[in-house]
Amino acid sequence: MSKFKKKKGGDLPAISTASLPDIVFMLLFFFMVATVMRDSTLMVKNQLPAADQVQKLDKKDRVMYIYAGEPSSRYTDKYGTQPRIQLNDKFASVAEVAAFVLAERASKRQELQNVLTTALKVDGDTKMGLISDIKQELRKVNALKINYTTRVGGFKQNID
Amino acid sequence: MAKRSAPEVNAGSMADIAFLLLIFFLVTTTIETDSGINRKLPPMEEQDDPPIIKQKNIFTVVVNKNNQLLVEEELTDLAELRSLAVEFLDNGGGEGDEACNYCQGTKNPKSSDNPEKAIISLKNDRETAYKVYISVQNELVAAYNELRDREFTRLYPNELMTFVEADKKYNDPRTSPEEKARLKPLLSEVKIMFPQKLSEAEPSKTKS
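Note that the protein sequences, when read in sequence, are chains L and P. Counting with numbering that gives the first Met the number 0, you get residues 0 to 159 for the letters of the first sequence. Counting with numbering that gives the first Met the number 0, you get residues 0 to 207 for the letters of the second sequence.
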């Protein structure tokens, strides 16, 4: 009879929490690996246009980035809504592009200085006037290899 | 015997499971890399005497300030640009020295002589939107890639790849140097057959 007696005090045994650190570490490592570090905080709207004939931009050490687009909402009251160029962490004028490229080039290793690519990360709604101004500046300092960074997708995504 | 409470689950292997998962994710996730259209800007120095190019060898693409596309002075839809560019490049209307023996086009004497002579001239307005410009660039590159793919698979059917795939493989840092050395002449062969001659004019100012 005692075999079917209810257990005394029905409290559940505590669940072991010994594995909790492992789970947390696992998540931590996963996010550490999967997240992309952004070098500079974006201060402009940056909805890249879509293209499907793209080439990969490997070797991050030989790329310099120029951002352009409308200032994001945090900055509109200070800088207005005209598209601006962003170099590193601040807004810049077209005239500063050449100096920026020379400074970037000087900061790279000697053997990389001639193979640098300029990645233009420009918002899709920007007018071409600004981009051709940037391109003129790049030609002046002989930074001729450029890459129009895009999202991957058909051109139909650009026209809506 | 019956009074025994629930045995504790052995958590010793939990760390192993965690590491297994960790290694799995480490191997499978790839850090996102940027991609885009590569271009080379022309150098600054001006040519003194620009070479004379026959009008029929120039394919003019104009994007105006209202983001409308004009191909050879006719209003065109963006979806048609690729096939029009292929038609122009692949025309092969030249005769004698300028004949093109691999072109499959209509050999229209009013269109381009051969792909080497054919130049696509792209002109845009300062008010053109960047995304339209990129779309046009994309379609023109697509036209070249389409023709290069065709010639690559025709010349090297044993490769079982298209030009774009072979080019991607060539640029992949994981490809062995021997493989790269083998691919390089094949790629440049096709590049010579259809050289990318895209000329960009300085953007026109919008007249107010």
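For glycine and all other residues, C-beta sits at the position ideal for the given N, C-alpha and C.
Item, Value
"Secondary structure of Val93(L), DSSP reduced to three states", "coil"
"Assigned secondary structure, Val140(P) (DSSP; H/G/I helix, E/B strand, else coil)", "helix"
"Among Gly152(L), Met127(L) and Ile158(L), the one whose alpha carbon lies nearest that of Glu199(P)", "Met127(L)"
"Beta carbon proximity, Thr40(L) to chain P, threshold 8 Å", "no"
"For Leu86(L), the first and last residue of its enclosing beta strand (DSSP E)", "Arg83 to Leu86"
"Ser47(L) versus Ile118(P), Tyr132(P), Lys116(P) and Phe151(P), residue with shortest Cα-Cα distance", "Residue 47(L) is actually Leu in this sequence, not Ser. With distances taken between Cα atoms, Leu47(L) lies closest to Tyr132(P)."
"Own chain partners of Val93(L) with C-beta closer than 7 Å, once the 5 adjacent residues on each side are dropped", "Ile84, Asp132, Ile133 and Glu136"
"Backbone CA spacing between Ser15(L) and Pro6(P) [nearest angstrom]", "11 Å"
"Residues in the stretch 110-139 of chain P having any Cβ partner in chain L nearer than 8 Å", "Asn123, Asp124, Arg125, Glu126, Thr127, Ala128, Tyr129, Lys130, Val131, Tyr132, Ile133, Ser134, Gln136, Asn137 and Glu138"
"Closest by C-alpha distance to Ala91(L), when choosing among Pro70(L), Val114(L), Ser106(L) and Ala105(L)", "Pro70(L)"
"Backbone secondary structure at Ile22(L) - three-state DSSP", "helix"
"Short CB-CB distance (under 8 Å) between Ala5(P) and chain L", "yes"
"Val121(L) at chain P interface by Cβ criterion, 8 Å", "yes"
"Met192(P) at chain C interface by Cβ criterion, 8 Å", "Looking for chain C here will not work: the only protein chains present are L and P."
"Phe154(L) at chain P interface by Cβ criterion, 8 Å", "yes"
"Distance, Val32(L) Cα to Gly92(P) Cα", "55 Å"
"Bridge partner(s) assigned by DSSP for Ile145(L)", "Thr117(L) and Arg38(P)"
"Proximity below 8 Å, CB of Glu145(P) to CB of Val85(P)", "yes"
"Residue-chain proximity (Phe90(L), chain P), Cβ-Cβ < 8 Å", "no"
"Minimum Cβ-Cβ distance from Val8(P) to chain L less than 8 Å", "yes"
"Check whether Ser227(P) and Leu56(L) have beta carbons under 8 Å apart", "Outside the displayed range of chain P (0 to 207) lies residue 227(P), so it cannot be described from this structure."
"Where Val43(L) meets chain P, residues with beta-carbon distance less than 8 Å", "What Val43(L) touches in chain P: nothing, since even the nearest Cβ is about 12 Å away."
"is_contact[Val151(L), chain P] using C-beta, thresh 8 Å", "yes"
"Closest by C-alpha distance to Gln54(P), when choosing among Asn66(P), Phe87(P) and Ile22(P)", "Phe87(P)"
"Reference Ser120(P), options Ile36(P), Asn170(P) and Val61(P), closest by Cα", "Val61(P)"
"Rounded Cβ spacing between Thr125(L) and Ile145(L) (contact assumed at less than 8 Å)", "Contact flag wrong, Cβ pair sits at about 15 Å."
"Arg38(P) at chain L interface by Cβ criterion, 8 Å", "yes"
"Residues that Asp33(P) contacts on chain L, provided the C-beta gap is smaller than 7 Å", "Leu56, Ala118 and Thr148"
"DSSP-derived helix/strand/coil call for Asn9(P)", "coil"
"Entirely enclosed beta strand (DSSP E) segments - the stretch 165-201 of chain P, minimum 3 residues", "197-199"
"Whole-angstrom distance between Glu71(P) and Gly153(L), CA atom to CA atom", "24 Å"
"Euclidean distance between Cα positions of Gln54(L) and Asp171(P)", "10 Å"
"Asn256(P) and Asn90(P) closer than 8 Å at C-beta", "Nothing about residue 256(P) can be read from this structure; chain P reaches only from 0 to 207."
"C-beta neighbour in chain L for Met43(P), strict 8 Å", "yes"
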